[in-house]
Structures are given as C-alpha cells and as structure tokens.
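Input: a single structure, listed below in structure tokens.
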Amino acid sequence: MYSLSTSPPHRVAVTAVGIVSPLGVGIEETVPALRAGHDGVSPVTAFDVTRTRCKTAGLVDLAKVRDRLDLERARRNRPRHPASLMMMTAAQEVRRGDPGFEPELFVIGTTSGGMSFGEAFYRAQVEKRRPHTRAAWLANYLPQKPVLEAQGMWSSAAPSQIIANACASGTNAVGHAFRLVRGGQQRRVLCGGYDAISEMVFVGFDSLQASTPEMIRPFDKARTGLVLGEGAALLALEELGDAQKRGAPILAEITGYGISTDNHHLTQPHPSGIGPRQAMERALADALRTPGDVDYINAHGTATVFNDATEGTAIADLFGDRVAVSSTKSMMGHALGAAGAIEAAFSVLALEHQFLPPNIHLREPDPTWRLNIVANTSREASVRCVVSNSFGFGGTNATIVLEKV
Amino acid sequence: MPSNSTGQTSRICGLGWVTPLGADLDEVWARLGRGDVAEPRVITNPETGRDLVYAPVPPKTVEALGRNPRLRRSSAISYFAVAAGLAAVQNAGVCLTPEAAARTAIVFAISSGGVIYTRKFYEQIVKQGANCASPMLFPETVYNAPASHLAAQFGIDGASYTLVSDCTVGFSALQFATQLLATGDLDRVVVVGTEECDWILCEAYRDWRFARRPGGSRGALLAEGAAAVVLGRDGDLELTAHPGAPVFRQKDADAALQRIHADLVPGGTVNLVVGGANGSFADAIERRALLEQFPQTTQYHPKQALGEALGASALIQVVVAALALRKGAIPGGNERRMDSALVTTLGYNQQAGGALLRRLD
Chain A
249 MYSLSTSPPH RVAVTAVGIV SPLGVGIEET VPALRAGHDG VSPVTAFDVT RTRCKTAGLV
309 DLAKVRDRLD LERARRNRPR HPASLMMMTA AQEVRRGDPG FEPELFVIGT TSGGMSFGEA
369 FYRAQVEKRR PHTRAAWLAN YLPQKPVLEA QGMWSSAAPS QIIANACASG TNAVGHAFRL
429 VRGGQQRRVL CGGYDAISEM VFVGFDSLQA STPEMIRPFD KARTGLVLGE GAALLALEEL
489 GDAQKRGAPI LAEITGYGIS TDNHHLTQPH PSGIGPRQAM ERALADALRT PGDVDYINAH
549 GTATVFNDAT EGTAIADLFG DRVAVSSTKS MMGHALGAAG AIEAAFSVLA LEHQFLPPNI
609 HLREPDPTWR LNIVANTSRE ASVRCVVSNS FGFGGTNATI VLEKV
Chain B
12 MPSNSTGQTS RICGLGWVTP LGADLDEVWA RLGRGDVAEP RVITNPETGR DLVYAPVPPK
72 TVEALGRNPR LRRSSAISYF AVAAGLAAVQ NAGVCLTPEA AARTAIVFAI SSGGVIYTRK
132 FYEQIVKQGA NCASPMLFPE TVYNAPASHL AAQFGIDGAS YTLVSDCTVG FSALQFATQL
192 LATGDLDRVV VVGTEECDWI LCEAYRDWRF ARRPGGSRGA LLAEGAAAVV LGRDGDLELT
252 AHPGAPVFRQ KDADAALQRI HADLVPGGTV NLVVGGANGS FADAIERRAL LEQFPQTTQY
312 HPKQALGEAL GASALIQVVV AALALRKGAI PGGNERRMDS ALVTTLGYNQ QAGGALLRRL
372 D
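Chains as they are written, first to last, in this note's numbering: chain A, 249 to 653; chain B, 12 to 372.
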C-alpha cells in the first residue's frame with residue numbers, strides 16, 4: 249500500500265529558477281523589468297488579427313531566445329515549436345543557477361501544447377499542401393515535446409507528468425511537485441509551465457469577449473478584459489536539508505498548496521468567490537499560516553469582469569486591505585498554462601530581492617472591495633510570505649504559499 | 012525504481028469503460044471472448060477527399076449512456092468520460108455523499124482531447140473569419156473540460172487534475188493518483204482516460220504513419236472511448252503504476268521498456284502480460300522486449316480488438332488486466348488462477364509506461 253506520511257514533513261527549497269516571458273529572457277532581464285513596471289504587451293503579427301477585437305499580446309522575443317540557447321549546430325537547426333525553445337532556455341537557466349540539481353521527476357503545466365503546429369497542419373489540409381515540415385508539426389504538436397526538449401538539457405531519463413488544468417496548470421504543477429518533496433515521495437523535482445501564443449486560443453478568448461481591445465487593467469473599475477501572453481518558467485525544488493548539504497543556492501521555500509474546484513460553470517467562477525477563497529484558505533492551512541502572516545499576493549488578476557470580481561471579493565474577505573496585491577499579468581498578459589509558473593518565479597524574485605512588483609495601468613481601483621494594490625510602480629518592501637493564485641476554465645483553482653528562508 | 016514514489020501501490024476498487032464493443036464490463040468481456048473486434052468506420056477528409064478509418068463507439072452504446080443536462084453542449088469525449096467515471100464509482104459501490112466527495116479526487120488521462128470542437132472552432136476561424144468563431148465551442152476545447160464535467164457530476168470541490176501525453180498517459184495518471192492518495196487527504200481517486208476521434212486526428216496519425224488506411228492491416232486502428240479505474244485503500248487488486256520513461260531515440264526503446272518491466276516485476280515472474288500491440292511500429296519493439304523477458308508468459312493485446320484509443324488506451328488495458336485476474340482467464344481463454352498481470356505500452360511519442368496488478372486474496 250501507499251505509505252501515509254507519519255514523519256514530520258520535509259521543508260521544500262527553491263534552488264533555481266529559469267524564466268522566459270515578455271518581460272525578458274532570464275532573471276537578469278526580468279528583475280529590472282518587474283521593478284520598472286515594464287509593459288511587455290505588443291501588437292500580434294504572427295497571424296491575422298484584423299477580425300478580432302483584441303490585437304495585442306504579451307510576446308516573447310524568440311530571436312533572443314534562439315540566441316541565448318547554447319546548443320551545438322545540429323541540435324540548433326532541428327525544427328522546434330516556440331514552446332520548446334522557451335522551455336529549453338528556461339531549463340538552461342536552471343542548470344546554470346544550480347548546476348548540481350539533477351531532477352528525479354518533471355512536473356509541467358500547459359494548456360495548449362504545440363497548438364500553432366496543429367493549426368499549420370489544418371491549414372495545409374485546406375490548402376491541399378503536403379509540406380515536408382508536417383512530420384515535425386505532428387511530433388511537436390503533442391504537449392510532451394517541449395518537456396522532452398527541456399529534459400534533454402540534462403540528458404535526463406527521469407519521468408514526467410504534464411498537467412493541463414487550463415490557466416491553473418502552472419500553479420498545479422508547482423503545488424503538486426511541492427507536495428511530493430514535502431511528503432518525501434521525491435527529493436528533487438523540476439516543475440513549471442509553458443505556453444506559446446496560438447491563433448486558435450487567441451481567437452477563443454476573443455470570441456468569449458474575455459480579451460480586450462484596450463490595455464489590461466486588473467482590479468480597475470473600468471477593466472475590460474485580458475490580453476494573452478506566453479512564456480515558460482521552471483523551478484528546481486529540493487528537500488531543504490539536501491539542498492543545504494550540497495551547498496545549493498536557497499532562493500525561497502514553498503510552504504503550502506491549496507486546490508479547489510468550482511463546479512458553477514465551465515468558464516465562469518461562482519460569483520461568491522468560493523473557489524478562489526477555498527484555494528487560498530487551503531493553501532494557508534497547508535502552510536500553517538494565517539492571512540495576517542502574508543505580505544504580498546500575486547493575484548491571478550486577469551482583468552476580466554468575472555475573475556477580478558470573484559478574486560477581489562475572496563481576497564478582501566480573507567485578507568482585508570492590509571496585504572499588498574498586484575497582478576503581474578498587467579505587465580505581460582495571461583500566459584495560461586505558464587502563468588502560474590511564471591508568477592511563482594516572480595514571487596521568488598520578490599522574496600529574494602525584497603520588492604513588490606506593480607499592477608500597472610491602474611487608473612481607478614474597483615470600489616467594490618478595498619484592496620491594497622501595488623498601483624503602477626513597484627515598492628521596496630520587507631517580503632517574507634507570498635501567496636500566488638491561479639484560476640482556470642473548468643473551475644480549477646490553485647494557490648501556493650512561498651516564504652523567505 | 013527510478014523515483015522514490017514508484018514502488019507505492021494502491022488498490023483497485025472500481026472499473027468502468029465505454030468502448031467500440033459496448034459499455035458494460037461483462038458484455039464487452041464476452042464479446043472479446045467471442046473474438047469480436049471493433050467495427051471500423053470509414054470517413055473522408057473533406058478537404059482532400061482522402062479516406063480514413065477509425066473505430067467509433069456505436070450510436071446504440073452512446074444512446075444508452077443517456078442524456079445529461081450538464082453535457083448538453085459537450086463533445087463526445089466528455090460523454091464517454093462521465094459515463095465511464097460514473098460506472099466505475101457504481102462498480103466500486105461508493106455513494107458519493109458530500110462527505111465522501113470531499114475525500115475523492117479526479118485524475119484524467121488525455122492525449123488529443125476535444126479534437127472535434129477544436130477542429131470545428133479553427134475551421135470557423137479559417138473559413139469564416141475570426142469574428143464568426145462560436146464562443147459555444149471554445150470552452151469545450153480545453154483539455155480539462157471532461158474532468159470539469161465529471162467533478163460537477165460528483166460534486167467534487169477539491170483536487171481535479173488532467174494529465175496529457177501519448178498512449179502511456181493512463182499509467183502516469185495512475186501513478187499521480189497513487190501520489191495523491193499517499194498524502195492521506197483522500198480516500199479514493201477516480202482515474203479516467205478518454206478520447207474522441209475526428210477526421211483531422213485520423214489524417215494526422217495516418218500522415219504520421221501511425222494509423223492504418225481503410226482496408227489495410229498495417230498501422231493502428233484509431234478508436235474512441237473511455238475507461239475509468241477507482242483507486243483507494245480497499246479492493247481485491249493491488250496496483251503499482253510505473254512513472255514511465257522518456258525514449259529519446261527509437262533504438263533506446265527496447266531498453267526503456269525492459270527497464271520498466273524489470274522495475275515492476277523484479278523477480279521476472281508474472282502470470283499475464285496485457286500488452287499494447289496495435290499494429291504500429293511500436294509492436295516489434297514491444298514484442299522483442301516481452302520475448303526476452305517473459306517468453307513463456309501468456310500475452311493478451313486488447314488494442315487488436317478495441318483499437319488504439321490514445322489517452323484512454325492504457326486504462327482500457329488496465330481494466331482488461333483487472334477483469335482477467337478476477338475471472339482467472341483472458342477473454343475466450345481457459346480459466347486458471349492468475350495472481351499478477353503486467354500491463355505495458357510503448358507510446359507513439361517517445362514515452363514508455365507500465366503497471367503491475369496483483370490479486371490480494
């Protein structure tokens with residue numbers, strides 16, 4: 249039988265982070281961009297947006313990603329999906345950040361895998377073309393391919409688990425990996441998430457009128473919706489004692505994880521905010537923390553009317569207006585399956601560098617709730633405990649708690 | 012074993028499925044025993060005129076699944092999943108009261124997901140323009156839509172996960188479920204694999220030289236359907252799911268499979284192998300591995316009758332193995348006591364996986 253954990257839980261350290269987002273390739277670019285409140289949203293040019301309401305997204309500089317990838321020529325020229333390039337670059341940064349980290353398991357979140365290659369395959373059918381690249385399209389369409397490419401950076405034959413829980417996928421991946429290490433089921437897990445912009449998903453959010461033709465303004469009274477983003481982030485998790493013994497860098501500690509499912513509707517949260525509230529309550533209880541212990545909340549904050557209404561209500565009910573809150577999606581859009589992982593990485597950076605990333609484009613906070621929003625400019629602060637939220641289609645909600653060691 | 016949690020086991024306490032041969036456990040078993048095979052359906056790629064083939068769940072079976080208000084806008088994949096999940100919970104004899112639901116989680120295994128709505132939605136974008144794409148279709152295209160519908164049926168407000176990969180993903184889901192059970196927060200996990208077919212999926216896999224052509228015998232017969240296994244603390248069968256292994260080069264596939272087999276059956280003795288042979292390139296590799304490690308062991312390959320149901324197929328194999336151990340026979344075979352069954356698959360996209368089932372009585 250599976251053994252129920254009876255020994256004291258292990259502490260779980262984050263020993264390295266790798267990040268590729270519209271705010272930069274790597275931590276060195278990301279920290280100043282977060283501090284400066286950089287706006288990483290730009291016009292979409294990869295596909296036709298003349299007939300969509302929204303025309304912008306948070307886009308990764310793929311040319312820079314290719315430049316940074318340290319691969320021998322043969323591997324460099326292999327056809328790859330942008331998601332693979334981003335995952336490989338994030339993996340490379342983790343390797344450089346903690347060269348001694350050898351993952352036993354990969355737990356990765358995504359929502360759409362290599363969707364744009366599936367689109368290319370469909371268009372080829374319509375246009376009655378059979379290009380040579382279609383074999384690569386098919387192999388790279390499946391969601392495990394970017395994970396395999398990242399594994400290749402370690403030449404690792406470790407197994408992988410790929411979670412597709414819509415927009416909560418990244419946080420679910422980090423949370424599940426945390427639970428495995430804390431429970432002693434694994435010693436070292438590489439976790440995170442990825443997603444790359446695709447036309448199908450872009451139009452999907454547009455068709456639901458969830459995306460906006462304007463700026464993304466989380467928690468603003470006049471918010472009109474989200475813009476999509478893309479990126480990848482990876483976090484190296486290891487049992488704290490093991491990491492300390494080998495002299496690994498200890499960037500932060502993950503202390504809690506909460507998951508809830510809101511069965512109200514496939515795409516709309518219950519108006520009471522019960523789903524987000526349960527996820528946060530469960531994460532805090534898991535971390536043996538109270539709302540008063542938390543210094544900063546990296547909110548899901550998509551800037552849709554429904555999400556911010558329910559999340560704002562849940563945060564206000566649970567934390568009042570003491571805790572600083574921001575949605576970093578205001579700077580880079582919503583990277584779907586990567587969002588939770590990227591925001592976990594941002595939370596680690598906030599703990600490490602002692603600042604609060606801003607919620608940009610805020611003009612007038614929604615008066616429905618009183619929140620302590622980090623409005624428009626970052627703040628220097630003493631940050632010891634952070635909550636990071638992700639909520640998704642299917643009513644899936646996930647929250648993690650991160651702390652300074 | 013390659014990871015700390017690999018050796019952990021759980022108990023099988025409920026089974027359910029929806030297959031091209033029906034949705035009742037005993038009825039499908041009897042049909043397998045009679046040598047029935049899934050009836051292929053020929054469809055045409057409307058863009059190129061090329062004929063394609065797959066094994067559907069028959070309309071009669073779909074009608075018998077009944078209507079469900081929550082699923083009124085859903086695609087077939089969610090119908091199959093909910094039907095298999097509900098059947099497995101019923102088979103387990105569990106009444107999901109709010110208290111029981113609070114200690115129940117869901118883990119889904121999916122490879123292609125909601126391809127019918129995904130293709131229709133993208134077709135609207137390409138042929139009618141982005142402003143004509145229906146918002147009714149898009150939500151059902153997400154991988155976790157079937158899991159969401161089943162969670163709503165059960166009233167589960169806790170853990171619900173959807174895992175994605177190739178046809179080995181069912182083993183990952185079983186191992187994931189065992190990891191969840193080990194936290195002590197749960198009494199049971201309902202593990203469901205589900206898949207639907209569409210011409211674009213058949214075209215892609217045929218183009219990839221994985222799926223067979225109409226009338227052909229080489230390549231896999233793609234199939235749709237679902238299978239569900241309830242894992243918990245009680246049950247007559249113990250399950251050990253392997254976390255799997257990536258296969259970076261095809262020449263390494265034999266070794267990856269053999270390593271998984273050796274991890275699961277360290278003594279090298281098992282009564283039955285439920286294999287993943289489906290007519291594709293992977294068969295020869297799996298055959299070599301099994302011949303070397305289990306030359307005398309009885310083998311049964313359910314995909315030869317039920318087709319290759321992608322994300323659902325590993326769980327269909329597990330259901331077959333569980334029924335075989337309980338009945339003491341493979342479909343159509345003579346009864347004899349069997350204590351253990353190895354379930355194994357080499358996936359079509361660089362994964363290998365497996366599980367071991369043992370009788371506990």
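Glycine included, each C-beta is placed from N, C-alpha and C at the ideal position.
Measure the C-alpha to C-alpha separation of residue i and residue j and round it to an integer number of angstroms.
| i | j | result |
| --- | --- | --- |
| residue 485 of chain A | residue 572 of chain A | 26 Å |
| residue 115 of chain B | residue 107 of chain B | 8 Å |
| residue 508 of chain A | residue 162 of chain B | 11 Å |
| residue 178 of chain B | residue 202 of chain B | 15 Å |
| residue 496 of chain A | residue 594 of chain A | 20 Å |
| residue 342 of chain A | residue 483 of chain A | 7 Å |
| residue 475 of chain A | residue 288 of chain A | 11 Å |
| residue 275 of chain A | residue 303 of chain B | 49 Å |
| residue 261 of chain B | residue 169 of chain B | 40 Å |
| residue 266 of chain B | residue 277 of chain B | 15 Å |
| residue 15 of chain B | residue 52 of chain B | Confidence in residue 15 of chain B is poor, its pLDDT being 46 and thus under 50, which makes the residue's placement unreliable; the coordinate value appears in the next sentence. The alpha-carbon atoms of residue 15 of chain B and residue 52 of chain B are separated by roughly 44 Å. |
| residue 229 of chain B | residue 223 of chain B | 6 Å |
| residue 525 of chain A | residue 559 of chain A | 8 Å |
| residue 457 of chain A | residue 381 of chain A | 34 Å |
| residue 363 of chain B | residue 254 of chain B | 9 Å |
| residue 514 of chain A | residue 647 of chain A | 19 Å |
| residue 517 of chain A | residue 552 of chain A | 11 Å |
| residue 503 of chain A | residue 259 of chain A | 7 Å |
Would you say residue i faces chain A, with C-beta separation under 8 Å as the test?
| i | result |
| --- | --- |
| residue 16 of chain B | Because the pLDDT at residue 16 of chain B is just 49, under 50, the model does not fix this residue reliably, and the point stays unresolved. |
| residue 357 of chain B | no |
| residue 372 of chain B | no |
| residue 58 of chain B | yes |
| residue 152 of chain B | yes |
| residue 115 of chain B | no |
Using a C-beta cutoff of 8 Å, does residue i count as contacting chain B?
| i | result |
| --- | --- |
| residue 303 of chain A | no |
| residue 529 of chain A | no |
| residue 574 of chain A | no |
| residue 359 of chain A | yes |
| residue 408 of chain A | yes |
| residue 431 of chain A | yes |
| residue 428 of chain A | yes |
| residue 460 of chain A | no |
| residue 638 of chain A | no |
| residue 318 of chain A | no |
| residue 612 of chain A | no |
| residue 468 of chain A | no |
Could you check which residue in the options has the C-alpha nearest to that of residue i?
| i | options | result |
| --- | --- | --- |
| residue 293 of chain A | A/377, A/384, A/445 | A/445 |
| residue 520 of chain A | A/563, A/493, A/258 | A/563 |
| residue 343 of chain B | B/43, B/22, B/214 | B/43 |
| residue 460 of chain A | A/398, A/382, A/301, A/642 | A/301 |
| residue 393 of chain A | A/378, A/421, A/442 | A/442 |
| residue 209 of chain B | B/192, B/150, B/129, B/36 | B/129 |
| residue 415 of chain A | B/119, B/191, B/150 | B/150 |
| residue 199 of chain B | B/238, B/73, B/139, B/100 | B/100 |
| residue 569 of chain A | A/585, A/587, A/542 | A/542 |
| residue 410 of chain A | B/166, B/345, B/122 | B/122 |
| residue 307 of chain A | A/270, A/500, A/327, A/602 | A/270 |
| residue 643 of chain A | B/153, B/124, B/97, B/280 | B/153 |
| residue 110 of chain B | B/214, B/167, B/207 | B/167 |
| residue 288 of chain B | B/269, B/272, B/225, B/328 | B/328 |
Using the rule of at least 16 other Cβ atoms within 10 Å of the residue's Cβ for burial, across every protein chain shown, is residue i buried or exposed?
| i | result |
| --- | --- |
| residue 368 of chain B | buried |
| residue 148 of chain B | buried |
| residue 510 of chain A | buried |
| residue 633 of chain A | buried |
| residue 345 of chain B | exposed |
Would you say residue i faces chain E, with C-beta separation under 8 Å as the test?
| i | result |
| --- | --- |
| residue 299 of chain A | Reference to chain E is not applicable here, since the protein chains of this structure are A and B. |
### Task
For the stretch 205-225 of chain B, enumerate the residues whose C-beta is nearer than 7 Å to any C-beta of chain A, in chain order.
From the stretch 205-225 of chain B, only 211, 214, 215, 218, 219 have a Cβ closer than 7 Å to chain A.
### chain A contacts made by the stretch 284-316 of chain B, where a contact means CB separation under 9 Å
Answer in chain order: no residues at all.
### Task
Can you give me, in chain order, the residues of the stretch 365-380 of chain A that have a beta carbon less than 7 Å from any beta carbon in chain B?
The residues in question are 367, 369, 370, 371, 373, 374, 376.
### Query
Quick one, which residues of the stretch 169-203 of chain B are near chain A if we go by CB-CB under 7 Å, in chain order?
Going along the stretch 169-203 of chain B in chain order, one finds 169, 170, 171, 172, 173, 174, 175, 176, 177, 183, 187, 189, 190, 192, 193, 194, 195 with a Cβ nearer than 7 Å to chain A.
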